[in-house]
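Only one structure is covered here, and it is reproduced in the block below.
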Ligand code: MEV
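In the working numbering, the protein residues as written are 443 to 762.
Here it is, written out as structure tokens:
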């Protein structure tokens, strides 16, 4: 084999949170699903220069790994694998990174990019033990910590496992259960075009929780109960109830102050156009909202309404 032509490639999907964002940070259950049509990709090629490079043209990045600071997310993803493999000297490779997942949109772009780098580098190093979903998720979690201090672990889990998951943050081990979807669920995802900072939103919720523990405990409990009921509704195909629970969950997220005028008006527009339910998805304050639709006709009506209400873009994803 010509060593300069060898290529290793791995990808990871974006994600949506169906139920339980924010409350999941406080140990309540949540449900997330991958968006397989939007992916981050890492390609590794041997390099003729004596260094490991990270190249991300979309981010205008072309750096030597050794020059990057400890809090650089792309470098940290690569270093996680090298450390886990006990490799002190990085290989002479170029890691090309690209992503179709909009940044700061609540769709897990940071987690997906990290997971793609981690999986590709583990493959390149021929370390199957570092390529399991569990290890990719755990190593991605370490990178997630620099996006915000106290990630629940749900984003890295769903992008690494690429399955709908039921997730509970707990010690000594998080509860991670892939589960069945009885009837395919059609979601319209709409982007407010407003950047969403997970770190800021999670930090604000933390401050409010500390100032008003009783109120926020009640809010988190309500979100946890909704996720619990929603899982059963998803497993039994009760789509009317799933929709109602989404809208109810949005109300609690408003009380947490993580919605925004843009998110609220997209939720209202989707519901007015006939969606079965709608809510923000992810950290909120901006980013994306999701609406559950019954069929293609409803999808068209809802997507049109969302564009009229100011959505920057919409896409449809089917969960099955
Ligand atoms: C972000 O996708 C989900 C949050 O609940 C944060 C987390 O779980 O780490 C807002």
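The C-beta atom is built at its ideal place from N, Cα and C for all residues, glycine as well.
Note that the coordinates shown come from a computational prediction; the quantities given were computed from them, not determined experimentally.
Going by DSSP, what residue range makes up the beta strand (DSSP E) through residue i?
i	result
residue 719	719–723
residue 696	It is not in any beta strand (DSSP E) - residue 696 instead sits in the alpha helix (DSSP H) that spans 681–697.
residue 512	That residue, residue 512, is in no beta strand (DSSP E); it is neither H nor E in DSSP.
residue 731	730–735
Between the C-alpha atoms of residue i and residue j, what's the straight-line distance to the nearest angstrom?
i	j	result
residue 620	residue 600	9 Å
residue 741	residue 530	52 Å
residue 505	residue 481	22 Å
residue 462	residue 669	6 Å
residue 707	residue 514	35 Å
residue 446	residue 492	Only weak support exists for where residue 446 lies, its pLDDT of 42 falling under 50; the value from the coordinates is given anyway. Residue 446 and residue 492: Cα-Cα distance of roughly 13 Å.
residue 713	residue 566	47 Å
residue 734	residue 561	32 Å
residue 575	residue 723	23 Å
residue 527	residue 517	15 Å
residue 663	residue 584	27 Å
residue 676	residue 716	20 Å
residue 569	residue 678	40 Å
residue 608	residue 577	18 Å
residue 443	residue 484	In this predicted model, residue 443 has a pLDDT of only 36, less than 50, meaning its place in the structure is not dependable; the value taken from the coordinates is given anyway. Taking the straight line from one Cα to the other gives about 21 Å.
residue 572	residue 617	21 Å
residue 596	residue 606	11 Å
residue 726	residue 449	38 Å
residue 627	residue 755	20 Å
residue 760	residue 718	15 Å
residue 686	residue 543	28 Å
residue 532	residue 538	15 Å
residue 684	residue 665	13 Å
residue 501	residue 611	32 Å
Cβ of residue i within 7 Å of any heavy atom in the ligand MEV?
i	result
residue 541	no
residue 661	no
residue 464	yes
residue 552	no
residue 709	no
residue 607	no
residue 725	yes
residue 532	no
residue 679	no
residue 456	no
residue 633	no
residue 585	no
residue 601	no
residue 767	Absent from the model: residue 767. The displayed extent of the chain is 443 to 762, so no value can be given.
residue 643	yes
residue 597	yes
residue 594	yes
residue 548	yes
First and last residue of the alpha helix (DSSP H) that includes residue i?
i	result
residue 575	575–589
residue 601	596–603
residue 756	Per DSSP, residue 756 belongs to no alpha helix (DSSP H); it is in the beta strand (DSSP E), 755–761.
residue 710	703–714
residue 640	640–653
When we look at the beta-carbon of residue i and count the other beta-carbons within 10 Å, is it buried (16 or more) or exposed?
i	result
residue 739	exposed
residue 632	buried
residue 747	buried
residue 604	buried
residue 660	exposed
residue 550	buried
residue 455	buried
residue 721	buried
residue 750	exposed
residue 555	buried
residue 730	buried
residue 591	exposed
residue 649	exposed
residue 642	exposed
residue 471	buried
residue 638	buried
residue 476	buried
Please indicate yes or no: does the CB of residue i lie closer than 7 Å to some heavy atom of the ligand NAD?
i	result
residue 664	With respect to the ligand NAD, the structure offers nothing, as its ligand set consists of the ligand MEV.
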